[in-house]
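Trainee: Going down the list, the sequences are from chains A and B. For what it's worth, the numbering used here labels the leading residue of the first sequence as 1, then goes sequentially. For what it's worth, the numbering used here labels the leading residue of the second sequence as 247, then goes sequentially.
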Amino acid sequence: MKVLVCITKTPETTSKIAFTADNTAFSTEGISYIMNPYDEWYALVRALELKEQHSGTVTAINVGPAENDVIIRKALAIGADDAVRIDTDPKSSKEVAVNIAAYAKDKGFDMIFCGKESIDYSGAEVAGMVAAILDLPYFSFVSKLDHDGQTATVERDIEGGVEVATVSGGFVISASKGLAEQRIPNMRGIMMAKRKPLEVIAGQDVQEDVSTISYSLPNEKQGVKMIDAENMDELVRLLHEEAKVI
Amino acid sequence: MSVLVLAESPKGRFKKAAQEVVHYGYQVAQMTGSECIAVVLGSADNPESLGIYGATKVMHVSDSSLDVFDTQHYIAAVKQIAEQVGATVIVVNHSATGKSILGGLAVKLNAGSVSGVNTLPVITDGFRVKKNVFAGKAIAEIQVNSDIKVLSLMGNSVPPVEVGSAAPVEVQTVTLPKSKTVVTGQNTVDGIVPLPEAELVVSAGRGMKGPENWGIIEDLANVLGATTACSRPVADTGWRPHHEHVGQTGVAIRPNLYIAAGISGAIQHLAGVNSSKTIVVINKDPEAPFFKAADYGVCADLFDVVPALTESLKRFKESN
Ligand SMILES: Cc1cc2nc3c(=O)[nH]c(=O)nc-3n(C[C@H](O)[C@H](O)[C@H](O)COP(=O)(O)OP(=O)(O)OC[C@H]3O[C@@H](n4cnc5c(N)ncnc54)[C@H](O)[C@@H]3O)c2cc1C
Ligand SMILES: Nc1ncnc2c1ncn2[C@@H]1O[C@H](COP(=O)(O)O)[C@@H](O)[C@H]1O
Numbered sequence: 001m002k003v004l005v006c007i008t009k010t011p012e013t014t015s016k017i018a019f020t021a022d023n024t025a026f027s028t029e030g031i032s033y034i035m036n037p038y039d040e041w042y043a044l045v046r047a048l049e050l051k052e053q054h055s056g057t058v059t060a061i062n063v064g065p066a067e068n069d070v071i072i073r074k075a076l077a078i079g080a081d082d083a084v085r086i087d088t089d090p091k092s093s094k095e096v097a098v099n100i101a102a103y104a105k106d107k108g109f110d111m112i113f114c115g116k117e118s119i120d121y122s123g124a125e126v127a128g129m130v131a132a133i134l135d136l137p138y139f140s141f142v143s144k145l146d147h148d149g150q151t152a153t154v155e156r157d158i159e160g161g162v163e164v165a166t167v168s169g170g171f172v173i174s175a176s177k178g179l180a181e182q183r184i185p186n187m188r189g190i191m192m193a194k195r196k197p198l199e200v201i202a203g204q205d206v207q208e209d210v211s212t213i214s215y216s217l218p219n220e221k222q223g224v225k226m227i228d229a230e231n232m233d234e235l236v237r238l239l240h241e242e243a244k245v246i
Numbered sequence: 247m248s249v250l251v252l253a254e255s256p257k258g259r260f261k262k263a264a265q266e267v268v269h270y271g272y273q274v275a276q277m278t279g280s281e282c283i284a285v286v287l288g289s290a291d292n293p294e295s296l297g298i299y300g301a302t303k304v305m306h307v308s309d310s311s312l313d314v315f316d317t318q319h320y321i322a323a324v325k326q327i328a329e330q331v332g333a334t335v336i337v338v339n340h341s342a343t344g345k346s347i348l349g350g351l352a353v354k355l356n357a358g359s360v361s362g363v364n365t366l367p368v369i370t371d372g373f374r375v376k377k378n379v380f381a382g383k384a385i386a387e388i389q390v391n392s393d394i395k396v397l398s399l400m401g402n403s404v405p406p407v408e409v410g411s412a413a414p415v416e417v418q419t420v421t422l423p424k425s426k427t428v429v430t431g432q433n434t435v436d437g438i439v440p441l442p443e444a445e446l447v448v449s450a451g452r453g454m455k456g457p458e459n460w461g462i463i464e465d466l467a468n469v470l471g472a473t474t475a476c477s478r479p480v481a482d483t484g485w486r487p488h489h490e491h492v493g494q495t496g497v498a499i500r501p502n503l504y505i506a507a508g509i510s511g512a513i514q515h516l517a518g519v520n521s522s523k524t525i526v527v528i529n530k531d532p533e534a535p536f537f538k539a540a541d542y543g544v545c546a547d548l549f550d551v552v553p554a555l556t557e558s559l560k561r562f563k564e565s566n
């Protein structure tokens, strides 16, 4: 079973978010990056489990500049067999998807795994785009996936529950919580990762159909109003008269 | 030229999400001097009712194979209708369905797309919309440069308003690709408002001590007509179902009222809830970080406060 796992990097979740002086770009100063949790914890680990069950290979792919190699090496340390980096600094989800699809097109992958969303821009778009370009079925937010070698059974999150479906032949998923349990790379994995192949391929430019004009910070809360625990009628009154939410 | 909106009809019925997307489309159409057309896929009761929120016409693809969701079918159907009506802006909800087709639609229509939009566009200088980024820690203003634009609309961002009356319905047929997937089952809780749509949410965390104590949270939610949610460790340990988990790695919500009991307010939790209009925090620890993000706080034992709040609300409901 040949699985392609798309991995991206995101600022560490507790990062303080700031922008350049004119608010047109995200300030990367002092930001440390991690592998996007959905990619690392769920997509990659489930791919490895399926490989352990059925044999095959797991390839990690990233569209991004050379500095992303650290993240890619981590995917190799967790257990991916090899990796590819498409060498371009993508400006949009479309650019990422076009490059991933171009690579995957004739490589015979049985499945392509993405994360549910990148936790910085929360696009949740790349996976569906890759599927559409390759004309493959797509399942979003998959929290369970079993494969018997012929047919895969997927459970995906929908509002208030899950939907179960089966598919034969190639497909794309985005992985959500529940699909697998996080794996921590061990010393041996880290050593082996250094010798695993990381291929670098030139990227294609894609016309920028969306561009970020500016960033702003959300309005600060006015400060909390503390209510006496003995006086819930007062809280109800405030919710009704002041906040006007009930 | 027109604005096309996908009005979802789960189990044949339109919910608030459909009203929101139609009314959003109506407002965009007003701005751009065009009309808002709604597309409905599969069975639906009263598609003409979408006119109330501003659709001038409803294109109903009533093919019953669209009652089950298949990404490729939905994309193909919306694409064909979009081309037929010459849509330049296509809007879907930022729901499981909408998110599943947004990227694919953008590819197939050669369009630029923005997901999770929470404002109306500003069109004085290009077409610009806003969305939350970095887990709600910032807002990005994004310009869509392509001729065709595809957006997914975040729930509870733009309230639906009644502006019209029943709209004419045209029954349409589309050509669907052969499906490669089979939906074998669906397991959802019926009768409650799904979290992304909910206006009122009551949420609880590890401070609840165990799943057996959730009765007081459900009572409070029932009195309010609210949907219940929880923090991540609560879902991870199986105290509550996964779909209730809100936060950075769970569902992102923006209800009018978010009541959090026994939740510390970790940054990853706040990421999914800090766009809520009003936040009430009940926590016995005065140092709990959640108080900083709250509008109203009660610093006491939740096992006393939650039932007392429920009683007060009952009295309020009876006298109003
Ligand atoms: C990458 C990443 C992603 C994450 N994503 C999410 C996410 O999406 N959502 C999420 O929720 N978390 C997420 N987390 C976990 C998050 O960091 C916190 O660990 C979690 O939110 C804590 O849950 P809690 O507030 O229920 O529990 P705790 O932190 O244990 O807090 C319990 C609170 O209850 C209070 N309490 C206890 N007893 C009582 C009582 N009798 N009356 C009143 N108050 C009481 C305590 O004072 C305390 O503040 C994520 C973490 C990481 C690293
Ligand atoms: N630059 C990238 N390189 C490889 N995969 C990516 C990249 N950006 C996003 N992805 C994948 O697409 C998923 C969804 O990302 P997004 O659509 O940006 O929210 C991520 O979880 C990754 O699996």
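Backbone N, C-alpha and C define an ideal beta-carbon position, used for all residues, glycine too.
Taking only beta-carbon positions, decide if P37 of chain A is within less than 8 Å of chain B.
Mentor: So, interface residue.
Trainee: Report all residues from its chain with a CB closer than 8 Å to the CB of I385 of chain B; omit the five preceding and five following residues, and keep chain order.
Mentor: Within the same chain, I385 of chain B has close Cβ partners K376, K377, N378 and V379.
Trainee: What did DSSP end up calling A481 of chain B once you bin it into helix, strand or coil?
Mentor: A481 of chain B falls in the helix class under three-state DSSP.
Trainee: So who's on the other strand from D82 of chain A, going by DSSP bridges?
Mentor: Paired residue(s): A:T59.
Trainee: Does the beta carbon of T13 of chain A fall short of 7 Å from some heavy atom of ligand 1?
Mentor: Yes, Cβ of T13 of chain A sits closer than 7 Å to a heavy atom of ligand 1.
Trainee: For V267 of chain B and chain A, any beta-carbon pair shorter than 8 Å?
Mentor: With 8 Å as the cut-off, V267 of chain B does not count as an interface residue toward chain A.
Trainee: Examine ligand 2 and report whether any of its heavy atoms sits within less than 7 Å of the Cβ of I7 of chain A.
Mentor: Result yes, Cβ under 7 Å from ligand 2.
Trainee: Taking C-beta to C-beta, are S143 of chain A and E155 of chain A nearer than 8 Å?
Mentor: Taking 8 Å as the Cβ cut-off, S143 of chain A and E155 of chain A qualify as a contacting pair.
Trainee: Quick check on the burial criterion: 16 or more other C-beta atoms within 10 angstroms. Buried or exposed for V407 of chain B?
Mentor: Flag for V407 of chain B reads exposed.
Trainee: Less than 8 Å separating the beta-carbons of L351 of chain B and V396 of chain B?
Mentor: Contact: yes.
Trainee: Give a yes or no on contact between the stretch 108 to 120 of chain A and the stretch 165 to 181 of chain A, applying the rule of three or more CB pairs nearer than 8 Å.
Mentor: As far as the Cβ criterion goes, the stretch 108 to 120 of chain A touches the stretch 165 to 181 of chain A, which means the pair count is three or higher.
Trainee: Three or more beta-carbon pairs under 8 Å between the stretch 526 to 544 of chain B and the stretch 220 to 232 of chain A, yes or no?
Mentor: Yes, since at least three Cβ pairs between the stretch 526 to 544 of chain B and the stretch 220 to 232 of chain A fall closer than 8 Å, the two stretches touch.
Trainee: Can you pull the chain B neighbours of M111 of chain A, defined as C-beta to C-beta under 7 Å?
Mentor: Within 7 Å Cβ-Cβ: nothing; M111 of chain A doesn't reach chain B, min ~13 Å.
Trainee: From E242 of chain A to T474 of chain B, what distance separates their C-alpha atoms?
Mentor: Taking the straight line from one Cα to the other gives about 24 Å.
Trainee: Report yes or no: do the stretch 460 to 479 of chain B and the stretch 497 to 517 of chain B share at least 3 C-beta pairs separated by less than 8 Å?
Mentor: The stretch 460 to 479 of chain B vs the stretch 497 to 517 of chain B: in contact.
Trainee: By how many angstroms is the C-alpha of G332 of chain B removed from the C-alpha of I321 of chain B?
Mentor: When rounded, the distance between both Cα atoms is 16 Å.
Trainee: I'd like to check one pair, G382 of chain B with S289 of chain B: are the Cβ atoms closer than 8 Å?
Mentor: Not closer than 8 Å, so no.
Trainee: Within the present structure, is the beta-carbon of V447 of chain B separated from the nearest heavy atom of ligand 2 by less than 7 Å?
Mentor: No, ligand 2 has no heavy atom inside 7 Å of this Cβ.
Trainee: Any residues in the stretch 109 to 135 of chain A with a beta carbon nearer than 9 Å to a beta carbon of chain B? Which ones, in chain order?
Mentor: Residues K116, E117, I119, D120, Y121, S122, G123, A124, E125, V126, A127, G128, M129, V130, A131, A132, I133 and D135.
Trainee: Measuring alpha carbon to alpha carbon, tell me which of A:I86, A:F26 and A:E230 ends up nearest A97 of chain A.
Mentor: Nearest C-alpha to A97 of chain A: A:I86.
Trainee: If I measure Cβ to Cβ from D482 of chain B and keep anything under 7 Å in the same chain, skipping five residues before and after, which residues do I get?
Mentor: Hits under 7 Å: none found.
Trainee: Check this for me: beta carbons of Y272 of chain B and A301 of chain B, under 8 Å apart or not?
Mentor: Yes, the pair counts as a contact, with Cβ atoms nearer than the cut-off.
Trainee: State the Cα-Cα distance for the pair N292 of chain B and E220 of chain A, rounded to the nearest angstrom.
Mentor: For N292 of chain B and E220 of chain A, the distance between alpha carbons rounds to 43 Å.
Trainee: Rounded C-beta distance between K91 of chain A and E208 of chain A? I'm assuming under 8 Å.
Mentor: Sure, about 5 Å apart at Cβ, within 8 Å.
Trainee: Okay, do the stretch 131 to 142 of chain A and the stretch 54 to 69 of chain A touch, 3+ Cβ pairs below 8 Å being the bar?
Mentor: Contact between the stretch 131 to 142 of chain A and the stretch 54 to 69 of chain A is absent, because fewer than three Cβ pairs lie under 8 Å.
Trainee: Using only the heavy atoms of ligand 1, determine whether one of them is closer than 7 Å to the beta carbon of L470 of chain B.
Mentor: Checking every heavy atom of ligand 1 against the Cβ of L470 of chain B, none is found closer than 7 Å.
Trainee: May I ask you to list the residues that DSSP assigns as paired with C282 of chain B?
Mentor: Looking at the DSSP assignment, C282 of chain B forms a beta bridge with B:V249.
Trainee: Going by alpha carbons, who is nearest to I388 of chain B out of A:I213, A:V236 and A:N231?
Mentor: For I388 of chain B, the nearest C-alpha among the options comes from A:I213.
Trainee: Is any heavy atom in ligand 2 found nearer than 7 Å to the beta carbon of S140 of chain A?
Mentor: For ligand 2, not one heavy atom lies less than 7 Å from the Cβ of S140 of chain A.
Trainee: Helix, strand or coil: which one does DSSP assign to H147 of chain A?
Mentor: Reduced to three states, the DSSP call for H147 of chain A is strand.
Trainee: Closer than 8 Å by beta-carbon distance: list the chain B residues that pair up with T8 of chain A, in chain order.
Mentor: Near T8 of chain A there are no residues of chain B at all, since even the closest Cβ is about 14 Å away, more than 8 Å.
Trainee: Between which two residues does the alpha helix (DSSP H) harbouring T430 of chain B extend?
Mentor: It is not in any alpha helix (DSSP H) - T430 of chain B instead sits in the beta strand (DSSP E) that spans T427 to T434.
Trainee: Provide the residue(s) that pair with P11 of chain A in DSSP beta bridges, ordered along the chain.
Mentor: P11 of chain A is bridged to A:Y33.
Trainee: Flag P218 of chain A as yes if its beta-carbon sits less than 8 Å from any beta-carbon of chain B, otherwise no.
Mentor: True, the Cβ-Cβ gap to chain B drops below 8 Å.
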